[in-house]
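**Q** First the structure, which I've put down as structure tokens, then a few questions once you've had a look.
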Amino acid sequence: MTGQPTTYDWQRAGWQPFIIEAVTGIDKDYLKLTGIRQGQHLSFYLRRIVTHHQHHQVLSEHNLAQIKALSDGHFQLSILLPQGSPITLDVYSLLAQARDGRGTPAASAKPSPADKRTASLIKPSNRRRPNVQREPKKPTEHAAATTTMALAFRKAQERQGPS
Numbered sequence: 001m002t003g004q005p006t007t008y009d010w011q012r013a014g015w016q017p018f019i020i021e022a023v024t025g026i027d028k029d030y031l032k033l034t035g036i037r038q039g040q041h042l043s044f045y046l047r048r049i050v051t052h053h054q055h056h057q058v059l060s061e062h063n064l065a066q067i068k069a070l071s072d073g074h075f076q077l078s079i080l081l082p083q084g085s086p087i088t089l090d091v092y093s094l095l096a097q098a099r100d101g102r103g104t105p106a107a108s109a110k111p112s113p114a115d116k117r118t119a120s121l122i123k124p125s126n127r128r129r130p131n132v133q134r135e136p137k138k139p140t141e142h143a144a145a146t147t148t149m150a151l152a153f154r155k156a157q158e159r160q161g162p163s
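Right, dumping it as structure tokens:
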């Protein structure tokens, strides 16, 4: 044996272990992933891969993960899902990078037809739906009861006078 540490193929390919500490929802479309890579605490942002209320079933601090830098602020995260299948996602060091249209799952995140379990977990990336104009609500026939907070707010506005 030599004094050199063993280097594996995945390390030569640029992958490094990433220990997930927390998965936090930013909004209905994006997650913040915090963890440790080479002793450094890092945060990454990614598009949700499943429906809003299910993300912890797929992505959590219990997943085994490794990360690879692609370009400045752009990384690939490879995760072993709870049922044992891998998924690779694009993640970014800035939320703005994730939002600018590049925040869709990597090509390898698409499930193969043979693995129907993963297919049901991954939400297809949809572009924003066109803004639909809604009809204004019609006033109800009976007047709504005014709440105490609404009365207090109105009274405060009257005391303050015109702005």
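Numbering (full-length UniProt numbering), first residue to last: 1 to 163. Glycine residues also receive a C-beta, built at the ideal position from the N, C-alpha and C atoms.
(1) Give me whichever residues DSSP pairs with K32 in a beta bridge.
(2) How would you label L89, buried or exposed, when you count the other beta carbons within 10 angstroms and need 16 or more for buried?
(3) Could you please give me the residues that DSSP links to K68 through a beta bridge?
(4) Can you look up T6 in the DSSP assignment and give me helix, strand or coil?
(5) Rounded C-beta distance between P17 and Q66? I'm assuming under 8 angstroms.
(6) Exposed or buried, what is A98 when buried is set at 16 or more other beta-carbons lying within 10 Å of its beta-carbon?
(7) Is I20 buried or exposed, if buried means 16 or more other CB atoms sit within 10 Å of its CB?
(8) Figure out for me which residue from R12, R47, L42 has the closest Cα to the Cα of I26.
(9) So, at 6 angstroms on beta carbons, what are the nonlocal neighbours of A69 in its own chain, with the 5 sequence-adjacent residues on each side left out?
(10) What is the DSSP secondary structure of L81, counted as helix, strand or coil?
(11) Can you look up T147 in the DSSP assignment and give me helix, strand or coil?
(12) For S93, I'd like the list of residues in its chain whose CB is within less than 7 angstroms of its CB, leaving aside the five on either flank, ordered along the chain.
(13) Buried or exposed for S78, going by 16 or more other Cβ atoms inside 10 Å?
(14) State yes or no: is the C-beta of S60 within less than 8 angstroms of the C-beta of V91?
(15) Could you give the DSSP three-state label for Q16: helix, strand or coil?
(16) From what residue to what residue does the beta strand (DSSP E) around A89 run?
(17) Tell me whether Q38 sits in a helix, a strand or coil according to DSSP, three-state version.
**A** By the coordinates alone:
(1) T24, Y45.
(2) Buried, because 16 or more other Cβ atoms sit within 10 Å of the Cβ of L89.
(3) Partner(s): Q76.
(4) DSSP places T6 in coil when its eight states are reduced to three.
(5) Indeed they touch by this definition, with Cβ atoms about 6 angstroms apart.
(6) Buried, because 16 or more other Cβ atoms sit within 10 Å of the Cβ of A98.
(7) Buried, by the Cβ-count rule.
(8) Taking each of R12, R47, L42 in turn and checking the Cα distance to I26, the smallest one comes out for R47.
(9) Answer for A69: F75, listed in chain order.
(10) DSSP places L81 in coil when its eight states are reduced to three.
(11) DSSP places T147 outside both helix and strand once states are collapsed to three, so it counts as coil.
(12) Within the same chain, S93 has close Cβ partners F44, G73.
(13) That one is buried.
(14) Taking the C-beta atoms as reference points, V91 is found no nearer than 8 angstroms to S60.
(15) In this structure, DSSP gives Q16 an extended state, which the three-state scheme calls strand.
(16) Looking at the sequence shown, residue 89 is not Ala but Leu. Here the beta strand (DSSP E) through L89 covers 86-92.
(17) In the structure shown, Q38 sits in coil (DSSP, three-state: anything other than H, G, I, E or B).
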